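According to the working numbering, the sequence shown is numbered sequentially starting from 12. Ideal Cβ placement from N, Cα and C applies to all residues, glycine included. Source: prediction; values computed, not measured.
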Amino acid sequence: MNRQPLSCAVPHAPEPSWSCALIRRIAAALALVPFLAWADNGFGTHALEQAASPLQGTHLIELRQGSELSRKASDLQFGGYESAQGQWISMRPWYRTKWTDAHITWMTTLSPNAGLIWGLGTGERAEKYTIAPSMR
């Protein structure tokens, strides 16, 4: 089975995965909020009220690269075995990855006593394993 890597960081990938595209769109939308707040004209304040109202109560609570599952898979690349002829066979080519699973998590306030925690994970892929992209 020959699949394309899930990584946004691989320059030769023909197109980014759906999770990378979604993270980029969310980041772009969040990046516009301070700019629109700074713009002190009718369009800027009106656009801020319309577009950023749901984002006013949204806060970044975690941004990390790597997970316990990713570390366990990565540790396998340092192992190997000896063939019947006595030759050492390294597992590095099978468990090496160019992108480590990354997660971003936000909390959106719904009311003074309730909130919604949500986030995305990019996933990770090597020759012998795949960590699927995730949504929280």
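So, under 8 Å CB-CB, Trp129 and Arg147 are touching, yes? Tell me the CB distance rounded to an integer number of Å. If you number the sequence shown from 1, residue 129 lands on position 118. If you number the sequence shown from 1, residue 147 lands on position 136. Contact flag correct, Cβ pair sits at about 6 Å.
With distances taken from CA atoms, which of Tyr106, Pro123, Ala113 and Leu127 is nearest Leu87? What you label residue 87 is simply residue 76 of the sequence shown in a count that begins at 1. Comparing Cα positions, the closest option is Tyr106.
Ranges of the alpha helix (DSSP H) found wholly within the stretch 80–140, counting only runs of at least 4: Counting whole runs of 4 or more residues, the stretch 80–140 contains the alpha helix (DSSP H) stretches 103–106.
I'd like to know whether the C-beta atoms of His142 and Ser81 end up nearer to each other than 9 Å. Within the sequence shown, the letter at position 131 stands for residue 142. Within the sequence shown, the letter at position 70 stands for residue 81. Reading off the sequence, residue 142 comes out as Ile, not His. For Ile142 and Ser81, yes; Cβs fall inside 9 Å.
Considering only the alpha carbon of each residue, which of Trp110, Gln67 and Gln96 lies closest to Gln76? Within the sequence shown, numbered from 1, the residue matching residue 76 stands at position 65. Out of Trp110, Gln67 and Gln96, Trp110 has the C-alpha closest to the C-alpha of Gln76.
Out of Trp99, Gly97, Asp112 and Gly68, point me to the one whose CA is closest to Lys83's CA. Position 72 of the sequence shown, counted from the first residue, corresponds to residue 83. The residue from Trp99, Gly97, Asp112 and Gly68 with its alpha-carbon nearest to that of Lys83 is Asp112.
So Gln76 is in the beta strand (DSSP E); what residue range does that whole segment cover? What you label residue 76 is simply residue 65 of the sequence shown in a count that begins at 1. It spans Thr69 to Gln76 - the beta strand (DSSP E) in which Gln76 sits, taken as one unbroken run.
So what's Ala143 in DSSP terms, helix, strand or just coil? For this step, residue 143 is matched to residue 132 along the sequence shown. Reduced to three states, the DSSP call for Ala143 is coil.
What number of angstroms, rounded off, separates the C-alpha of Ile72 from the C-alpha of Glu138? Position 61 of the sequence shown, counted from the first residue, corresponds to residue 72. Position 127 of the sequence shown, counted from the first residue, corresponds to residue 138. Each residue's CA atom was taken as its position, placing Ile72 and Glu138 some 32 Å apart.
Beta-carbon within less than 8 Å of Glu135's beta-carbon, same chain only, minus the 5 sequence neighbours each way: which residues are those? Walking along the sequence shown from the start, residue 135 turns up at place 124. So the qualifying residues of the chain are Leu17, Ser18, Ser81, Ala84, Thr108, Trp110, Thr111, Asp112, Thr141 and Ile142.
Inter-residue Cα distance where the pair is Thr3 and Gln98: The structure shown does not extend to residue 3, since the chain is modelled only from 12 to 147, so the question has no answer here.
Applying the 10 Å Cβ sphere with the 16-neighbour rule, what's the burial state of Leu131? Looking up residue 131 in the sequence shown gives position 120. Leu131 comes out buried.
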